[in-house]
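So the sequences go chain by chain: W and B. Residues in the first sequence are numbered from 1 upward in steps of one, following this note's numbering. Residues in the second sequence are numbered from 153 upward in steps of one, following this note's numbering. Ideal Cβ placement from N, Cα and C applies to all residues, glycine included.
2 protein chains.
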Amino acid sequence: MGKKARSSSCEVPVKTVKKSRSGNRQYRYGGDFKWRGVKSGRYKSEGGDWAGIARQVLIGDRGETAEFHLRYFEIEAGGYSSFEKHKHEHVVIGVRGRGKAKLNRRITDIQFLDVLYIGAHTHHRLYNPFQEPFGFFCIVNARRDRPRPVKK
Amino acid sequence: MGKKARSSSCEVPVKTVKKSRSGNRQYRYGGDFKWRGVKSGRYKSEGGDWAGIARQVLIGDRGETAEFHLRYFEIEAGGYSSFEKHKHEHVVIGVRGRGKAKLNRRITDIQFLDVLYIGAHTHHRLYNPFQEPFGFFCIVNARRDRPRPVKK
């Protein structure tokens, strides 16, 4: 997951994504936790040990110069992210439903607008043991190390 | 607004802010657009040309190592931020009510979960011409240049 330019097929339908010469852009929220001009994709392009997650990259996939990326992840009922560790930090903001995070040996709940800071090298997984989708923003450094799997 | 350590009086009431040795922290949303353990403060410590804004620093004020900061700003009815420019980018996410942004000569609306990317050097101001508070997350690089005022 290093920083790399991606040629995305969701590059600016002009009606929905307003982009100016200065680099300003606006992604309108279209309801149902979707943003106009932003495609939902796979959580990861490779590897196992995860289930039922979709990813929308809101900021970071289109040549933005900010030193961070903003993504929206949604975990369906019963789904979970990889149990992994890395040097870079996560900031998670609960947006839809509720879910849980395993941080090393600790379990915590995440609900609407709760803010969770996952520090460097923490063994972590986000998961959804509930019946409704669990959606959250996740902010990360633009330049970041590759996650490494952790044994359960 | 350079990166600097701040000794904040809102440093971790342990009952509300869960902090582990790994640096993990959780700020519970307490309703009414307030987070437990996070104080609301002034938008800026100096300068004029703004009115009716409060700031909560969610991530960035307590020695976090991430390369970005997360703040929540709330502009009361009739309030506005400084009209200014700087090299660093902003990512704004509408959370409460609705508001407007002036980006160079363009005006745009910001509503719930709309995502706005304000590129480097854009002349910008956020403001609230409506009757209800306008609240938004604002993500910035941790290391950033000082804003410079722009004439209207």
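request  = Could you name the residues of chain W that arginine 298 (chain B) contacts, counting a contact when the two beta carbons are closer than 9 Å?
outcome  = Translated into positions along the second sequence, residue 298 (chain B) becomes position 146. None at all; the shortest Cβ gap to chain W is about 17 Å.
task = Give the range of the beta strand (DSSP E) segment to which phenylalanine 68 (chain W) is assigned.
result = Here residue 68 (chain W) is taken as the residue at index 68 of the first sequence, counted from 1. Taken as a continuous stretch (DSSP letters only), the beta strand (DSSP E) holding phenylalanine 68 (chain W) covers 68-80.
CB contact flag (phenylalanine 129 (chain W), lysine 100 (chain W), <8 Å) = Within the first sequence, the letter at position 129 stands for residue 129 (chain W). Within the first sequence, the letter at position 100 stands for residue 100 (chain W). Before going on, a small fix: residue 129 (chain W) reads as proline here, not phenylalanine. Contact: yes.
message = I need the straight-line Cα distance from threonine 108 (chain W) to lysine 102 (chain W), nearest angstrom please.
response = Translated into the one-based positions of the first sequence, residue 108 (chain W) becomes position 108. Translated into the one-based positions of the first sequence, residue 102 (chain W) becomes position 102. Roughly 7 Å separates the two Cα atoms.
query = If you run the structure through DSSP and keep just helix, strand and coil, what is glycine 287 (chain B)?
reply = For this step, residue 287 (chain B) is matched to residue 135 along the second sequence. Strand.
Environment of threonine 65 (chain W) [buried if 16+ CB atoms lie within 10 Å] = Mapped onto the first sequence, residue 65 (chain W) falls at position 65. Classification of threonine 65 (chain W): exposed, given that the 10 Å Cβ count is below 16.
request  = Measure how close the beta-carbons of alanine 272 (chain B) and histidine 221 (chain B) come, nearest whole angstrom, since I'm counting them as under 8 Å.
outcome  = Locating residue 272 (chain B) in the second sequence gives position 120, counting from the first residue. Locating residue 221 (chain B) in the second sequence gives position 69, counting from the first residue. That belief does not hold up - the Cβ atoms of alanine 272 (chain B) and histidine 221 (chain B) are roughly 17 Å apart, past 8 Å.
request  = Helix, strand or coil for glycine 193 (chain B), going by three-state DSSP, please let me know.
outcome  = In the second sequence, the residue the question calls residue 193 (chain B) occupies position 41. Residue state, collapsed to three classes: strand.
query = My guess is that isoleucine 93 (chain W) and valine 115 (chain W) are in contact by the Cβ rule of under 8 Å, so how many angstroms apart are they, rounded?
reply = Stepping through the first sequence from its first residue, residue 93 (chain W) is reached at position 93. Stepping through the first sequence from its first residue, residue 115 (chain W) is reached at position 115. Indeed, because the Cβ distance is near 6 Å, the residues count as touching under 8 Å.
query = Which residues in the same chain have their Cβ closer than 8 Å to the Cβ of proline 301 (chain B), if we skip the five residues on either side of it in sequence?
reply = Indexing the second sequence from 1 puts residue 301 (chain B) at position 149. Correct list, in chain order: Gly199, Asp201, Ser234, Phe235 and Glu236.
ask   = With distances taken from CA atoms, which of W:Arg106, W:Ile139 and W:Arg96 is nearest isoleucine 75 (chain W)?
value = Indexing the first sequence from 1 puts residue 75 (chain W) at position 75. Selected option, being the one with the closest Cα: W:Arg96.
request  = Starting from the Cα of aspartate 184 (chain B), find the closest Cα among B:Gln178, B:Ser192 and B:Arg177 and give me that residue.
outcome  = In the second sequence, residue 184 (chain B) corresponds to position 32, counting from 1. Ranking B:Gln178, B:Ser192 and B:Arg177 by Cα distance to aspartate 184 (chain B) puts B:Ser192 first.
request  = Could you have a look at isoleucine 59 (chain W) and say whether DSSP puts it in helix, strand or coil?
outcome  = Your numbering for residue 59 (chain W) matches position 59 in the first sequence. In this structure, isoleucine 59 (chain W) counts as strand in the three-state DSSP scheme.
query = At a cut-off of 7 Å, is tyrosine 43 (chain W) close to the ligand PLP when judged by its beta-carbon and the heavy atoms of the ligand?
reply = The model depicted lacks the ligand PLP and carries no ligand whatsoever.
key: For arginine 298 (chain B), three-class secondary structure by DSSP   = Working through the second sequence from its first residue, we reach residue 298 (chain B) at position 146. Of the three classes helix, strand and coil, the one that applies to arginine 298 (chain B) here is coil, per DSSP.
request  = Show which residues of chain B have a CB atom less than 7 Å away from the CB atom of valine 91 (chain W).
outcome  = What you label residue 91 (chain W) is simply residue 91 of the first sequence in a count that begins at 1. Per Cβ cutoff of 7 Å: Ile211, Ala218 and Leu222.
inquiry  = Can you check which of these residues, B:Arg258, B:Ile262 and B:Phe289, is closest to glutamate 276 (chain B) by C-alpha distance?
reply    = Stepping through the second sequence from its first residue, residue 276 (chain B) is reached at position 124. First, the amino acid is wrong: residue 276 (chain B) is histidine here, not glutamate. Nearest C-alpha to histidine 276 (chain B): B:Arg258.
query = Roughly how many whole angstroms lie between the Cα atoms of glycine 231 (chain B) and phenylalanine 286 (chain B)?
reply = Taking the first residue of the second sequence as position 1, residue 231 (chain B) is located at position 79. Taking the first residue of the second sequence as position 1, residue 286 (chain B) is located at position 134. In a straight line, the C-alpha of glycine 231 (chain B) is about 9 Å away from that of phenylalanine 286 (chain B).
ask   = Residues of chain W with a CB under 8 Å from the CB of lysine 205 (chain B): which are they?
value = Here residue 205 (chain B) refers to the residue found at position 53 of the second sequence. The amino acid occupying residue 205 (chain B) in the given sequence is isoleucine; lysine does not appear at that position. Residues of chain W passing the Cβ test: none, with the nearest at roughly 19 Å.
inquiry  = Just to confirm my understanding: we take tyrosine 269 (chain B), look at its own chain, exclude 5 residues before and 5 after, and list those with CB closer than 6 Å. What are they?
reply    = Counted from its first residue, the second sequence places residue 269 (chain B) at position 117. Once the five neighbours on either side are set aside, the close Cβ partners of tyrosine 269 (chain B) are Val243.
Coarse secondary structure for threonine 122 (chain W), derived from DSSP in three states = By one-based count along the first sequence, residue 122 (chain W) stands at place 122. DSSP places threonine 122 (chain W) in coil when its eight states are reduced to three.
ask   = Would glutamine 283 (chain B) count as contacting chain W if we go by Cβ distances under 8 Å?
value = Along the second sequence, read from residue 1 onward, the residue named residue 283 (chain B) stands at position 131. Closer than 8 Å: no.
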